[in-house]
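Trainee: Dumping the structure here so I can ask a few things about it.
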Amino acid sequence: MLEMNAQSRVIAPAELGNSLRQAGGDRLDRRSRLKFFNSTFKVICVSAAVFVCLVLFGILFLMFRTGIMTFETVSFKEFFFSANWDPENGHFGALLFIFGTFALTGLTLVLAVPIAVLIAVFLAEITPVWLRGALRPVMDLLVGIPSVVYGYLGLTILIPMLRELTGRDLADGLLAAAIVLAIMVLPTIARISDDAISAVPKKYRDASYALGSTRFQTIFGVVLPAARSGIVYAIILGMARAIGETMAVVMVIGNTPQLADSLFTPTAVLTSNIVMQITSVEFDSTWNYALYLMGFLLLAISLLLIVAVRLLQKKGAKAS
Amino acid sequence: MQATALIEINKLNLFYGAFQALKHVSLEIPQRAITAFIGPSGCGKSTLLRTLNRMNDMIPGARVEGSIEIGGTDIYAGDVHVETLRKKVGMVFQQPNPFPKSIYDNVAYGPRLHGITKKRELDEIVENSLRSAALWNEVKDHLKRSALSLSGGQQQRLCIARALAVGPDVLLMDEATSALDPISTIKIEELAQELKDRYTIVMVTHNMHQAARVSHQTVFFLNGEVVEYSATEKLFSDPSDQRTEDYISGRFG
Ligand SMILES: Nc1ncnc2c1ncn2[C@@H]1O[C@H](COP(=O)(O)OP(=O)(O)OP(=O)(O)O)[C@@H](O)[C@H]1O
Ligand SMILES: [Mg+2]
Chain C
69 MLEMNAQSRV IAPAELGNSL RQAGGDRLDR RSRLKFFNST FKVICVSAAV
119 FVCLVLFGIL FLMFRTGIMT FETVSFKEFF FSANWDPENG HFGALLFIFG
169 TFALTGLTLV LAVPIAVLIA VFLAEITPVW LRGALRPVMD LLVGIPSVVY
219 GYLGLTILIP MLRELTGRDL ADGLLAAAIV LAIMVLPTIA RISDDAISAV
269 PKKYRDASYA LGSTRFQTIF GVVLPAARSG IVYAIILGMA RAIGETMAVV
319 MVIGNTPQLA DSLFTPTAVL TSNIVMQITS VEFDSTWNYA LYLMGFLLLA
369 ISLLLIVAVR LLQKKGAKAS
Chain W
165 MQATALIEIN KLNLFYGAFQ ALKHVSLEIP QRAITAFIGP SGCGKSTLLR
215 TLNRMNDMIP GARVEGSIEI GGTDIYAGDV HVETLRKKVG MVFQQPNPFP
265 KSIYDNVAYG PRLHGITKKR ELDEIVENSL RSAALWNEVK DHLKRSALSL
315 SGGQQQRLCI ARALAVGPDV LLMDEATSAL DPISTIKIEE LAQELKDRYT
365 IVMVTHNMHQ AARVSHQTVF FLNGEVVEYS ATEKLFSDPS DQRTEDYISG
415 RFG
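Here is the structure:
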């Protein structure tokens, strides 16, 4: 039986060769078909990429074109270096908003990043499996909560608490906004860092333990450095969300166009000021143009920060 | 060749959950010599090797009975400091696993863990370890380069250097040459030969010629049991158990 099977499997070389040829007189042979699919696919990919770039540059250009008209009546110097924002009386100093945006984003990250990374370490390395299975979906849910909800919680819980703690009448300001934003971006940064840490190969941990390191030393000496680029990516996403966040910020920052000289001074940032004023300005006014210019700045700043973080990370990677 | 036994394994049982991976293993491992573990895949060689530096502790469900004494101390006793044990019993893995750091930082990682911070001291340890691992001449001009840019054989020697840098007395090598080409393999075998004057080496190997070439004592495992162990020449030329003879003559496994 076996023998017969073996016999029937022997095939003449020419027969084998022929069997490899295309059956039938197909006009589109395999190669041209492949070429067709390849080139179509390439065209689709390239046009998608070009489309995305066009949209981005289109937005940038439109904002810029309207925004630049600000400088017909306002000097460059005033816009960028004055903190006097009083459009009704012809003062367009946007420094306070620019400063506010940088300060708020920085403060948010200072609060959020260490906690988020610790949560990620806890989730990825320390939590027992059953708890991890419960915590991860919860974190994912938190990522999806609309920002207005965070703002509302800030307004009704955080601000009264801050008032109590500091004994001030007003607690609206950079700190309140930064705390709300930090809580908001925390799940994003934590979950993406968690994934990055979990993806670090086990062999690195093994090597570290085999040299006599403790769990703590292994996490901080090997695992976190190996997960660095993923963690930086998580921070960029969190940062982008913090810079652009409007609703939650409007609700707790105080919305007063004055330079924040303390953490509790009611102030405003680029986003919150745009949304508060855009509906009440005339279409053809310098005020309107200035708001467009601020929108453009916001975009430019977030792009810049992303590039900066990427560069920093590259430098860090080379150094170690 | 009967040197003093450094490690004494006594009636060791190891369970992964309900599965018993090691059965009544009793064994003596002599000091400053090379002991080879051979046997078919899945017979428990790696498992036994990992019990020697307690890397099995981290496997959920793994449980040990019996005792392992190193220099008279039971390493599974409650007062044993596991980190110190692992510092004294170094390990080289089957797949080269250098950290994604520079060559220098890979070797310096261990000493730094154990509290050495002075640059001069570290430099010295790094150089000595790389020399001992026969890698110094190849990498001395680019210690800052990423360890991942080295070839597989160089990476494995780097891992040996990294293990030596913390000053171990025992070196465990789990099929350390199985992912390497013949030339790198020979280099590491020669290295083991040199190191055996200073270290007690235990190596797992699937390569019977390697065991015969480099080791002083060979242990043959089957299904979690030690079938036979003796001086390497004796085991290969005049095995006392039929199953050993079948295995080394290639009749199974
Ligand atoms: N983490 C683990 N959990 C459960 N069972 C395991 C685990 N590690 C190993 N085993 C089992 O224990 C037995 C011995 O495994 P071990 O890895 O020690 O074999 P080995 O002799 O090193 O084999 P190889 O030569 O293929 O590396 C095998 O049956 C394996 O399936
Ligand atoms: Mg193995």
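Same order as they appear, the protein sequences are chains C and W.
Residue numbers for the first sequence follow my numbering, so the first one is 69 and each next one is one higher.
Residue numbers for the second sequence follow my numbering, so the first one is 165 and each next one is one higher.
A virtual CB, placed ideally from N, CA and C, is assigned to each residue, including glycine.
#1: So, with DSSP's three-state summary, where would you put residue 376 of chain W?
#2: Run through chain C and tell me which residues come within less than 8 Å of residue 384 of chain W, C-beta to C-beta.
#3: Would DSSP call residue 194 of chain W helix, strand or coil?
#4: Compute the beta-carbon to beta-carbon distance between residue 297 of chain C and residue 317 of chain C, rounded to the nearest angstrom, for a pair I have assumed lies under 8 Å.
#5: For residue 318 of chain W, count neighbouring Cβ atoms within 10 angstroms of its own Cβ and tell me buried if that reaches 16, exposed if not.
#6: In chain order, what residues place their C-beta within less than 5 Å of a heavy atom belonging to ligand 1?
#7: Are the C-beta of residue 417 of chain W and some C-beta of chain C separated by less than 8 Å?
#8: Ordered along the chain, which non-local residues of its own chain (more than five positions away) have a Cβ less than 6 Å from that of residue 252 of chain W?
#9: Which same chain residues end up closer than 8 Å to residue 237 of chain C when comparing Cβ atoms and leaving out the 5 residues on each side of it in sequence?
#10: First and last residue of the alpha helix (DSSP H) that includes residue 356 of chain W?
#11: Under the DSSP definition of a beta bridge, which residues are partnered with residue 159 of chain C?
#12: What are the residues that DSSP puts in a beta bridge with residue 381 of chain W?
#13: Cα separation between residue 124 of chain C and residue 369 of chain C?
#14: Taking 8 Å as the threshold (C-beta atoms), are residue 377 of chain C and residue 169 of chain C in contact?
#15: Between C:381, C:202 and C:358, which lies nearest to residue 132 of chain C when the distance is taken from Cα to Cα?
#16: Would the C-beta of residue 274 of chain C count as close to ligand 2, meaning under 7 Å from any of its heavy atoms?
#17: Considering only residues of the region 192–270 of chain W, which uninterrupted beta strand (DSSP E) runs meet the minimum length of 3 residues and lie entirely inside it, listed in chain order?
#18: Please report the Cβ distance between residue 260 of chain C and residue 301 of chain C, rounded to the nearest whole angstrom; I am assuming they are in contact, meaning their Cβ atoms lie under 8 Å.
#19: With a threshold of 8 Å between beta-carbons, can residue 382 of chain C be considered close to chain W, or not?
#20: CA-CA distance, residue 305 of chain W and residue 312 of chain W?
#21: Quick one: what's got a C-beta closer than 7 Å to residue 243 of chain W's C-beta in the same chain, skipping five residues either side?
#22: Is any heavy atom of ligand 3 found at a distance shorter than 7 Å from the C-beta of residue 368 of chain W?
#23: Is the beta carbon of residue 328 of chain W closer than 8 Å to that of residue 285 of chain C?
#24: Should residue 338 of chain W be counted as a contact of ligand 2 given a C-beta to heavy atom distance under 7 Å?
#25: Whole angstroms are fine: how far does the CA of residue 335 of chain C sit from the CA of residue 158 of chain C?
#26: Under a Cβ-count criterion, where at least 16 other Cβ atoms within 10 Å of its own Cβ denotes burial, should residue 112 of chain C be classed as buried or exposed?
#27: Where DSSP assigns a beta bridge to residue 123 of chain C, which residues make up the other side?
#28: Please list, in chain order, the chain C residues whose beta carbon lies closer than 8 Å to that of residue 247 of chain W.
#29: Residue 237 of chain W: which of W:343, W:275 and W:172 sits nearest, CA to CA?
#30: Check whether the region 170–177 of chain C touches the region 192–205 of chain C, counting contact only when three or more Cβ pairs, one atom from each stretch, lie closer than 8 Å.
#31: Could you give the DSSP three-state label for residue 364 of chain C: helix, strand or coil?
#32: By the three-class DSSP mapping on this structure, what secondary structure does residue 106 of chain C have?
#33: Curious, which full-length alpha helix (DSSP H) runs of at least 4 residues does the region 277–329 of chain C contain?
#34: Could you tell me how far apart the beta carbons of residue 279 of chain W and residue 326 of chain W are, in whole angstroms, since I believe they sit closer than 8 Å?
#35: Can you list the alpha helix (DSSP H) stretches of 4 or more residues lying completely in the region 262–337 of chain W, in chain order?
Mentor: Taking the geometry as given:
#1: Within the second sequence, residue 376 of chain W is the residue found at index 212, counting from 1. In this structure, residue 376 of chain W counts as helix in the three-state DSSP scheme.
#2: Residue mapping note: residue 384 of chain W aligns to position 220 of the second sequence, counting from 1. Residues of chain C passing the Cβ test: none, with the nearest at roughly 26 Å.
#3: Locating residue 194 of chain W in the second sequence gives position 30, where the first residue counts as 1. If DSSP states are grouped into helix, strand and coil, residue 194 of chain W belongs with the strands.
#4: For this step, residue 297 of chain C is matched to residue 229 along the first sequence. For this step, residue 317 of chain C is matched to residue 249 along the first sequence. Between residue 317 of chain C and residue 297 of chain C the Cβ distance is about 29 Å, and since that is not below 8 Å, they are no contact.
#5: Looking up residue 318 of chain W in the second sequence gives position 154. By the neighbour-count rule (16 or more Cβ atoms within 10 Å), residue 318 of chain W is buried.
#6: W:180, W:185, W:205, W:206, W:207, W:208, W:209, W:210, W:211 and W:223
#7: Position 253 of the second sequence, counting from 1, holds the residue named residue 417 of chain W. Bear in mind that a pLDDT of 48 at residue 417 of chain W, under 50, signals an unreliable position, so the number given afterwards is only what the model happens to contain. Output row for residue 417 of chain W: interface = no.
#8: Along the second sequence, one-based indexing puts residue 252 of chain W at 88. Within the same chain, residue 252 of chain W has close Cβ partners 332 and 333.
#9: Against the first sequence, residue 237 of chain C aligns to sequence position 169. If we look at residue 237 of chain C and ignore the five residues flanking it on each side, its Cβ neighbours are 231.
#10: Reading the second sequence from its first residue, position 192 is the one you call residue 356 of chain W. Segment 346–359, the alpha helix (DSSP H) holding residue 356 of chain W.
#11: The residue labelled residue 159 of chain C in the question sits at position 91 within the first sequence. DSSP lists C:154 as partners of residue 159 of chain C.
#12: Mapped onto the second sequence, residue 381 of chain W falls at position 217. W:199 and W:395, per the DSSP bridge assignment.
#13: Here residue 124 of chain C corresponds to residue number 56 of the first sequence, with the count starting at 1. Here residue 369 of chain C corresponds to residue number 301 of the first sequence, with the count starting at 1. C-alpha separation (whole angstroms): 14 Å.
#14: As a working note, residue 169 of chain C is residue 101 in the first sequence. As a working note, residue 377 of chain C is residue 309 in the first sequence. Taking 8 Å as the Cβ cut-off, residue 169 of chain C and residue 377 of chain C do not qualify as a contacting pair.
#15: Along the first sequence, one-based indexing puts residue 132 of chain C at 64. Nearest of C:381, C:202 and C:358 to residue 132 of chain C, Cα basis: C:358.
#16: The residue labelled residue 274 of chain C in the question sits at position 206 within the first sequence. No, the beta carbon of residue 274 of chain C sits no closer than 7 Å to any heavy atom of ligand 2.
#17: 198–202, 226–234 and 253–256
#18: Taking the first residue of the first sequence as 1, we reach residue 260 of chain C at position 192. Taking the first residue of the first sequence as 1, we reach residue 301 of chain C at position 233. Right, their Cβ atoms sit about 7 Å apart.
#19: The sequence position of residue 382 of chain C within the first sequence is 314, counting from 1. Not an interface residue.
#20: As a working mapping, residue 305 of chain W is identified with position 141 in the second sequence. As a working mapping, residue 312 of chain W is identified with position 148 in the second sequence. So the two alpha carbons sit approximately 16 Å from each other.
#21: As a first step, residue 243 of chain W must be located in the second sequence, where it is residue number 79. If we look at residue 243 of chain W and ignore the five residues flanking it on each side, it has no Cβ neighbours.
#22: With respect to small molecules bound, the structure shown includes ligand 1 and ligand 2 and not ligand 3.
#23: The residue you call residue 285 of chain C lines up with position 217 of the first sequence. The residue you call residue 328 of chain W lines up with position 164 of the second sequence. Contact flag unset, no.
#24: On the second sequence, residue 338 of chain W is found 174 positions in, with the first residue counted as 1. Because some heavy atom of ligand 2 lies under 7 Å away, the Cβ of residue 338 of chain W counts as near it: yes.
#25: For the purposes of this step, residue 158 of chain C is identified with residue 90 of the first sequence, where counting begins at 1. For the purposes of this step, residue 335 of chain C is identified with residue 267 of the first sequence, where counting begins at 1. Approximately 20 Å between the Cα atoms of the pair.
#26: Within the first sequence, numbered from 1, the residue matching residue 112 of chain C stands at position 44. Residue 112 of chain C is exposed by the Cβ-count criterion.
#27: Sequence index remark: in the first sequence, residue 123 of chain C carries index 55 (1-based). According to DSSP, residue 123 of chain C bridges with nothing at all.
#28: Mapped onto the second sequence, residue 247 of chain W falls at position 83. Ordered by position in chain C, the residues that pass the 8 Å Cβ test against residue 247 of chain W are 280, 281 and 282.
#29: Counting from one through the second sequence, the residue named residue 237 of chain W turns up at place 73. Ranking W:343, W:275 and W:172 by Cα distance to residue 237 of chain W puts W:172 first.
#30: no
#31: Counting from one through the first sequence, the residue named residue 364 of chain C turns up at place 296. The answer is helix: DSSP assigns residue 364 of chain C an H, G or I state.
#32: Working through the first sequence from its first residue, we reach residue 106 of chain C at position 38. Correct three-state label for residue 106 of chain C: helix.
#33: 283–286, 296–312 and 315–320
#34: Counted from its first residue, the second sequence places residue 279 of chain W at position 115. Counted from its first residue, the second sequence places residue 326 of chain W at position 162. The pair is not a contact, with the Cβ atoms about 17 Å apart (cut-off 8 Å).
#35: 267–277, 283–296, 300–303 and 316–328
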